[in-house]
Every structure is written in C-alpha cells, then in structure tokens.
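Below is one structure, written out as structure tokens; comments come after it.
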Amino acid sequence: MLPTFVIGLREGLEAALVVGIIAAFLARQGRRDALRQVWLGVGAAVVLCLGVGFALHALERSLPQQAQEGLETVIGLLAVAMVTWMIVWMRRNARRLKGGLEAAAAAALDSGSARALVVMAFLAVLREGFETAVFLLSVFQSSTNATAASGGALLGIAVSLAIGYGIYRGGVRINLQRFFTATGAVLVVVAAGLLMTAAHTAHEAGWVNVGQQAVADLSGVVAPGTAQAALVTGVLGIQPRPTLIEVLAWALYLVPMLLVVLWRPRAPRPARSTATPRVPADA
C-alpha cells in the first residue's frame, strides 16, 4: 500500500501543482472563461490516461505466459525510466515552477488566447497520468495484495487533490523541496525494486540468462501471506531467492539515485575581505 500511496501522492501533486497554479492565476485575473477551458483539458487528459491504463492491463492479460513476462519487463523498465527522469527534473525545477508557470500564463493571456493554458494543463495531467498508469501497473504486477495497492493509490491521489485545491484557494503552503526530497527517496527505493523485478521477469521471458546464480535464500523470511513478504517483496521488490543479476541491478540503481536525491550542495561561504583596515588620520 505504501508504494502506491506515494506514487499516487507524488504524481497527483505534481499535476495538481501545475493546474492549481494556472487556475489560481486565472482566478486572480478574473478569467473564469479560460478557467472552464482548463478544467475541460484536465478532464480530457484524465480520461485518456485511464484508457491507456486499462488498455495496457487488457493487453497483458491477453498474452501467453512468456509474452506476459516480456511485457512486464518492458513496463517495469519504462516505469523506472519515467520516475528517474521525474525525480531529476523536479530536483532541478521545483523552486522555479510557480514563477515559470505564472509567466507563461501571463504571456498566453497577453496574446489574447487561453488555448496555451489549456494545452499546458492538458499536457501536465497527461504526462503525470501516463507516468502514474505505467508506474502503478508495474507495481501491481509485483504486489501480493491488489486491493491494498489500489486503495493506497486512490488515497494518495485523493490527498494530492486536496492539497492542490488548498494551493488553488491559497490556504496551503508546503515546502516543495523537502516534500519532493522525501517522496523522491521513497520512489527511488520502489524503482530499485521494480528494476530488480524486471531483471527477474526478463529471465522468465528468456531475455536474460547471465548472473542467474542465487546469492541468498530469503524464503524463510518472506513466506507468502506474511507481513514480511508484503514489505520485502511488495515494497522493496526483493525476490525470495535473489540472483546475482537482480542484486546488481538493485544496488547499481539504488545507491547513486539516493545520492542524487538526498545530496545537497553546500552554500558557498562569503569571501573574506582582504582590504587593509583604515588607520585614523590622527593615530
């Protein structure tokens, strides 16, 4: 439940931030006509993303077993690539997000057309919604409890919508840098588990046959149906008998990405003055 909650919260809030900033700007400008168009764009993007998610799920179920393993591998790798790009992009642009969006919105209104704002909101929701669909589908594939996973995703999205509405109304202030750092660290752990699962399904699909020697036996710790199995396998993505290639994929992703998310450069120290102090004339 935790991975899907964080995914729904993080992805939902990113989309809600973009839409909320645009909506709040239009409300301050008194452009309710443009605001209605923005909501139509948001609705269209949501419907399209739901269609993509259901289509991928239906495609997976229609394939034979080995082909299903191959599709799960592709979806898992795509989800890892998306979350990696998202984390790096947000780390670089979180501070400038609001100012950049409001400047773009002002330019669109100055040109006499709200179409650019509709496109901005549509693409923001479409991008985050597509990432959410792919990421959640990949997590569902490795989850041991589909009901809990679905509940976590819905709860995360609901919380993100509530925060987005609070931002639109002007009553919610959050430290975006800290929020994205904390959720980014959790998503890195989840993505590392997805990469480990992708290495496993790639072998089941017949694509990867190197490094298949087992390095540990965790079957006694992650017995099916136990809380430990839900944590180790469902959240961390670690298999009961991890192989060398799976452990390498997990570690080579987890360590550098956690450093990217958690490392903060030190602020430069002010330069020391080298000027010679003045001596009073009557000294």
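In our numbering, the protein residues as written are 876 to 1158. Using N, Cα and C, we set each Cβ at its ideal position, and we do this for glycine too.
Closer than 7 Å by C-beta to residue i: which residues in its own chain qualify, once you throw out the five before and the five after it? Chain order, please.
| i | result |
| --- | --- |
| Ser1013 | Ile950, Gly951, Ala954 and Leu1069 |
| Leu888 | Ser1035, Ile1038 and Gly1039 |
| Leu910 | Ala898, Leu901 and Ala902 |
| Leu938 | Leu946 |
| Met957 | Glu1006, Val1009 and Phe1010 |
| Glu1121 | Met1071, Ala1074, His1075 and Gln1114 |
| His932 | Leu1012 |
Going by beta carbon distance, what residues of the same chain come within less than 6 Å of residue i, once the five residues before and after it are set aside?
| i | result |
| --- | --- |
| Leu865 | The chain is shown from 876 up to 1158; residue 865 falls before or after that span and cannot be answered. |
| Leu1001 | Ala920 |
| Ala1028 | Thr879, Gly883 and Leu1011 |
| Trp1125 | Ala1067 and Met1071 |
| Val922 | none |
Is it buried or exposed for residue i, if we count other Cβ within 10 angstroms and need 16 for buried?
| i | result |
| --- | --- |
| Ala1066 | buried |
| Thr1072 | buried |
| Thr1022 | exposed |
| Ala1158 | Any reading at Ala1158 must be qualified, since the residue scores a pLDDT of 47, below 50, and its modelled position is unreliable; the value itself is stated next. Under this definition Ala1158 is an exposed residue. |
| Ala930 | exposed |
| Val1009 | buried |
| Ala891 | buried |
| Trp960 | exposed |
| Trp964 | exposed |
| Ala980 | buried |
| Thr1090 | Checking the displayed sequence, the identity of residue 1090 turns out to be Val instead of Thr. Flag for Val1090 reads exposed. |
Take residue i as the anchor and find which of the options has the nearest alpha-carbon.
| i | options | result |
| --- | --- | --- |
| Phe1005 | Arg911, Pro1131 and Leu925 | Leu925 |
| Ala1060 | Ile962, Ala1074 and Leu992 | Ile962 |
| Gln940 | Trp914, Ala933, Arg1139 and Glu1079 | Glu1079 |
| Trp1138 | Ala891, Gln1052, Glu1003 and Asp908 | Gln1052 |
| Met1132 | Thr1058, Gln912, Val913 and Ala980 | Thr1058 |
| Gln1088 | Leu1119, Gly1095, Val1064 and Ala1074 | Leu1119 |
| Val913 | Val1135, Val993 and Thr1007 | Val993 |
| Arg966 | Gly1095, Phe1054 and Val1097 | Phe1054 |
| Pro1117 | Val922, Val1064, Asn1050 and Val1097 | Val1097 |
| Glu1003 | Gly1095, Gly905, Leu1123 and Val927 | Val927 |
Report the CB separation of residue i from residue j in whole angstroms; it is logged as a contact under 8 Å.
| i | j | result |
| --- | --- | --- |
| Leu824 | Pro1115 | No answer is possible for residue 824: it lies beyond the span of the chain, which begins at 876 and ends at 1158. |
| Val893 | Ala999 | 4 Å |
| Leu1159 | Val881 | Only positions 876 to 1158 of the chain appear in this structure, which leaves residue 1159 out of reach. |
Looking at the secondary structure, which residues open and close the alpha helix (DSSP H) in which residue i lies?
| i | result |
| --- | --- |
| Val1135 | Leu1119 to Leu1137 |
| Val1096 | Careful: Val1096 lies outside any alpha helix (DSSP H) and carries neither H nor E. |
| Gln912 | Arg907 to Ser937 |
Excluding five sequence neighbours on each side, which residues of the same chain lie with their C-beta closer than 8 Å to the C-beta of residue i?
| i | result |
| --- | --- |
| Trp1082 | Gly945 and Thr948 |
| Phe997 | Gly916, Val917, Ala919 and Ala920 |
| Arg907 | Leu901 |
Using a beta-carbon distance below 8 Å, is residue i in contact with chain D?
| i | result |
| --- | --- |
| Leu1012 | The displayed structure is made up of one protein chain only, and chain D is not part of it. |
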